[in-house]
Amino acid sequence: MEFVKYTTAEGLSSNDALCFTEDRFGRLYIGTGRGLDRLNPTTGQIENFTTADGLPSSHVELAYRDRTGALWFSTTEGLARFTPEPERARRPPTVLITGLRVAGVAQKISILGETEATHLDLNSNQKQITVDFVGLGATLGERLRYEYRLGNSDWTPTAERTVNFANLSSGEYRFEVRAVTADRIYSQTPATVSFRIAAPFWQTSWFIILSSALTAAAVYFFYRFRLKRLLEMERIRMRIATDLHDDIGANLTRISLLSEVAKQKSENGDGNLLSSIADIARESVASMNDIVWAIAPEHDSLLDLTRRMRQHAEEVFAYREIDLDFYAPAPDADLKLSVGARRDLLLIFKEAVNNAARHSDCSKIQIDFLVENSIVCLRIADDGKGFDAEDSNGDGQGLRSMTRRARALGGDLRIDSRNGTVVKFELPLEKASRL
C-alpha cells in the first residue's frame with residue numbers, strides 16, 4: 073500500500089480538511105474553511121472552487137453523494153448541489169498579455185488581451201517595463217501558476233500576474249510568459265513582448281569612433297609638439313655650448329696666455345698682479361668648461377657624470393700625492409639627469425674635493441658615488457684634520473654654496489668634521505632625472 077501526501081504545496085486551498093466525499097468517477101472532494109477542492113488521485117490534479125464558482129460560502133462543513141450521483145455540500149451560508157461530469161480531455165491553458173507600461177505610461181493593448189505585443193522602439197531613458205498577463209484554464213476552478221523569462225535566461229516561476237523590470241540596459245529584449253496547471257501542463261505558446269532600448273549617445277558606435285579619433289589626434293599633436301620642443305631645446309643647448317667654447321673660451325685662453333707673456337717680459341711690473349690675472353683666467357676657463365660640459369646634450373647620462381668626477385679627482389689628488397679610492401659601480405647607461413642636477417652635482421663634488429685637497433692635510437681620501445633604492449648617493453671622506461664649521465675664517469662661502477645648491481636640488485647634504493671630514497649628499501633619482 074502506498075500513501076501520497078497532499079498539502080497546500082500540491083494545490084490544496086487549506087491543510088485543514090473538514091469533510092470528504094467521492095463522485096462516481098473516482099475523484100475526491102475535500103471541504104475546507106477556504107473552499108472546496110477536487111482531487112484526481114490518478115493524475116494528481118487539484119481544482120479549487122469558491123463563492124466565485126457558486127458556493128454559498130467558502131466554509132464547507134459537510135459533503136454527501138446521493139443515489140443519483142449528485143453531490144451536496146453544506147456551508148455556513150447554505151446548501152449547494154453539484155452534478156459531476158466525466159473527465160474531459162485535458163487542454164493546455166492559454167496566456168494573454170493584458171497590460172504593458174513603459175516608465176509608467178500605458179501602451180496600447182487590446183482589451184481582450186494579446187498573445188504577442190507590438191515591437192517597441194524605446195529611447196535610452198525608457199528603462200522601466202511593466203507587463204500584466206492572465207491565464208485561461210481549461211476547466212472551472214483550475215488554479216494556474218506562471219513562468220516568465222527575459223531573453224535566453226531560465227524560466228522564473230511566479231504566482232503573480234504582473235512582472236516589473238527596472239533600470240534595464242540598452243539592447244534587444246524578448247519577454248515570454250507561460251501558464252502552467254497544477255499537474256504541470258504548460259501553455260503551448262507563450263505570450264511575448266519584444267522591445268529595443270536605444271543606447272545613450274555616448275555608447276553609440278559613431279560617438280566611440282569619434283572620441284577615439286579625437287583622443288588619438290590630441291595625443292599625436294601633443295607628441296609632435298613635445299618632440300618639437302625637445303628638439304628646439306637640444307639645438308639651443310648645442311648652440312650655447314658651441315658659443316661658450318668658441319668665443320668666451322677663446323678669449324679667456326688669450327687672457328691667460330698674454331698674462332703669462334707679460335709676466336715673463338716685465339722686469340719692473342707687478343708680477344703678483346699678472347699672476348692673479350693668469351689664475352683668474354685659468355679658473356674662468358675651467359668654470360666655462362664645466363658649464364659647456366653640463367649643457368652639452370651628449371653628456372646627459374649618469375655615466376658621463378661619473379667619468380667627469382673621476383677625472384677631476386685624479387687630477388687634483390695626483391698632483392698633491394694623496395691616495396684616492398674612487399668607488400663608483402657602472403650605472404645604467406640609459407639613466408639620464410637633467411642639466412641643472414648634473415651641473416649642481418658636479419659643482420658640489422668639485423667644491424668638496426678642492427676643500428679636501430687644499431685644507432684637510434689628508435693623506436688618503438675615499439669617494440663613493442652610486443645609486444641605491446632610487447637615491448643618488450655621493451660620499452667624500454678624508455683622514456685629515458677636519459675643520460670647525462663655526463669658524464668664520466674658514467671657507468665659509470664654499471660651504472654655503474654647497475648648501476644652497478643641495479637645497480635647490482631638493483637633496484640632503486650632511487658634513488661631519490669630527491674625525492677627518494665626511495661630506496655626504498643624497499638626492500632622489502626622480503628629482504635628478506630628466507623630465
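Under my numbering, think of the first position of the sequence shown as 73, with each following residue one higher. Think of the CB as a built atom: it goes at the ideal place given N, C-alpha and C, for glycine as much as any other residue.
Item: For VAL252, which three-state DSSP category applies?; Value: strand
Item: Would you grab the beta carbon distance between GLU248 and THR230 for me? Rounded to a whole angstrom, and I think it's under 8 Å.; Value: Not a contact, Cβ separation roughly 13 Å.
Item: What does the alpha-carbon distance come out to for the pair LYS273 and SER446?; Value: Lys is not the amino acid found at residue 273; the sequence shown has Phe there. Approximately 47 Å between the Cα atoms of the pair.
Item: Output the boundary residues of the beta strand (DSSP E) element that contains HIS191.; Value: 188-194
Item: How far does the beta strand (DSSP E) with THR493 in it reach, from first residue to last?; Value: 493-500
Item: Do you know how far the Cα of ILE281 is from the Cα of TYR292?; Value: 16 Å
Item: With distance defined between alpha-carbon atoms, name the residue in TYR245, ASN224, TYR218 and GLY171 nearest to LEU192.; Value: TYR245
Item: Specify the secondary structure class of THR475 as computed by DSSP and reduced to three states.; Value: helix
Item: Can you tell me which residues form a DSSP beta bridge with ASP376?; Value: According to DSSP, ASP376 bridges with nothing at all.
Item: Using the DSSP secondary-structure output, state which residues sit across from LEU172 in a beta bridge.; Value: VAL203
Item: Ordered along the chain, which non-local residues of its own chain (more than five positions away) have a Cβ less than 8 Å from that of SER129?; Value: THR123, THR147, THR148, GLU149 and GLY150
Item: Hey, would you say TRP100 sits closer than 8 Å to LEU111, going by beta carbons?; Value: Here residue 100 is Leu; the residue named in the question, Trp, does not match the sequence. Closer than 8 Å, so yes.
Item: Who are the Cβ neighbours of VAL206 in its own chain at under 8 Å, not counting the five residues just before and after it?; Value: VAL167, LEU168, THR170, GLY185 and ARG233
Item: Could you say which of ILE437, SER196 and TYR218 lies nearest to GLY456 if we only look at CA atoms?; Value: ILE437
Item: Using the C-alpha atoms, what's the distance from LEU143 back to LYS20?; Value: As displayed, the chain neither begins before 73 nor continues past 507, which places residue 20 out of reach and without an answer.
Item: Determine the closest residue to VAL425 out of ASN224, ARG414, ARG382 and LEU216, with distance taken between C-alpha atoms.; Value: ARG382
Item: So the beta strand (DSSP E) VAL235 belongs to, where does it begin and stop?; Value: 234-237
Item: Looking at the secondary structure, which residues open and close the alpha helix (DSSP H) in which LYS422 lies?; Value: 411-431
Item: Between the C-alpha atoms of GLU157 and GLU82, what's the straight-line distance to the nearest angstrom?; Value: 23 Å
Item: Would a C-beta distance cut-off of 8 Å place ASP440 and CYS449 closer than the cut-off?; Value: yes
Item: By Cβ distance, which residues of its chain are closer than 7 Å to ARG217, with the 5 residues on each side in sequence left out?; Value: PRO229, ALA231 and VAL252
Item: By DSSP, does GLY470 sit in helix, in strand, or in coil?; Value: helix
Item: Report all residues from its chain with a CB closer than 8 Å to the CB of GLU94; omit the five preceding and five following residues, and keep chain order.; Value: LEU100, TYR101 and ARG137
Item: Quick check on the burial criterion: 16 or more other C-beta atoms within 10 angstroms. Buried or exposed for THR493?; Value: buried
Item: Give the secondary structure of TRP227 by DSSP, where H, G and I count as helix, E and B as strand, and everything else as coil.; Value: coil
Item: Distance, Cα to Cα, ALA189 vs SER266?; Value: 7 Å
Item: Is the separation between the beta-carbon of GLN198 and that of VAL235 shorter than 8 Å?; Value: no
Item: Are GLU386 and LEU374 touching if we call contact CB-CB under 8 Å?; Value: no
Item: Kindly indicate which three-state DSSP category LYS436 falls into: helix, strand or coil?; Value: strand
Item: Taking the alpha carbon of LEU222 as the reference point, which residue from LYS408, THR202 and PRO165 has its own alpha carbon closest?; Value: THR202
Item: Suppose only complete runs of 3+ residues qualify. What are the beta strand (DSSP E) ranges in the region 112-179, listed by chain order?; Value: 118-121, 132-137, 143-147, 150-154 and 166-174
Item: Starting from the C-beta of ILE487, find all residues in its chain whose C-beta is less than 6 Å away, skip the five residues before and the five after it, and write them out in chain order.; Value: VAL495
Item: Smallest Cα separation from ASP88: which of ARG96, PHE97, GLY103 and PHE75?; Value: GLY103
Item: Return the residue from the list ASP376, ALA238 and ARG215 that minimises the CA-CA distance to LEU84.; Value: ARG215
Item: Does DSSP put ALA263 in a helix, in a strand, or in coil?; Value: strand
Item: Go ahead and label ILE118 buried or exposed: buried means 16 or more other beta carbons lie within 10 angstroms of its beta carbon, across all protein chains shown.; Value: buried
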